[in-house]
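For reference, the structure is listed below as structure tokens.
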Amino acid sequence: MYIAMNRFTVTTENADAFEALWLGRDSHLKDMKGFVEFHMLKGPEEDGKLLYASHTVWSSEDAFHNWTRSDAFRAAHKDAGSTAKLHEGTPKFEGFSTIQHIV
Numbered sequence: 472m473y474i475a476m477n478r479f480t481v482t483t484e485n486a487d488a489f490e491a492l493w494l495g496r497d498s499h500l501k502d503m504k505g506f507v508e509f510h511m512l513k514g515p516e517e518d519g520k521l522l523y524a525s526h527t528v529w530s531s532e533d534a535f536h537n538w539t540r541s542d543a544f545r546a547a548h549k550d551a552g553s554t555a556k557l558h559e560g561t562p563k564f565e566g567f568s569t570i571q572h573i574v
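The sequence shown begins at 472 in the numbering used here and counts up by one.
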């Protein structure tokens, strides 16, 4: 299993718009081979800023990389440049290979 995360820092005044963007977008993930699940996480507020993380679980790292090279990925991210004003800086990507999974 492979987990792909992007972390975003969002000011509290942009939080509603940021959440609406994510809740209203078509991610195109469900049709991708190897996609397991997606979570958009809202973390703590500190100094007027909120931490968010997109959290996607894939069957393998190869499945994730296939997603990043797909037409579905391009479609899901086509407006990314125009929405960058909602968060500070660029999202911070973190990829993790699973070494233990307890169900």
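Cβ coordinates follow ideal geometry from the N, Cα and C atoms, glycine included.
Does the beta-carbon distance from residue i to residue j come in below 8 Å?
| i | j | result |
| --- | --- | --- |
| A475 | G566 | yes |
| S525 | M503 | no |
| E532 | S498 | no |
| G505 | N537 | yes |
| S530 | V507 | yes |
Taking all protein chains shown into account, decide if residue i is buried (16 or more other Cβ within 10 angstroms of its Cβ) or exposed.
| i | result |
| --- | --- |
| V574 | exposed |
| H572 | exposed |
| T539 | exposed |
| F535 | buried |
Name the DSSP bridge partner or partners of residue i?
| i | result |
| --- | --- |
| I474 | V528, F567 |
| K520 | T482, E517 |
| F509 | T527 |
| E559 | T480 |
So, under 8 Å CB-CB, residue i and residue j are touching, yes? Tell me the CB distance rounded to an integer number of Å.
| i | j | result |
| --- | --- | --- |
| H558 | F489 | 6 Å |
- Message: Assess contact between the segment 481-489 and the segment 513-521, defined as three or more Cβ pairs (one per stretch) separated by less than 8 Å. Is contact present?
- Response: yes
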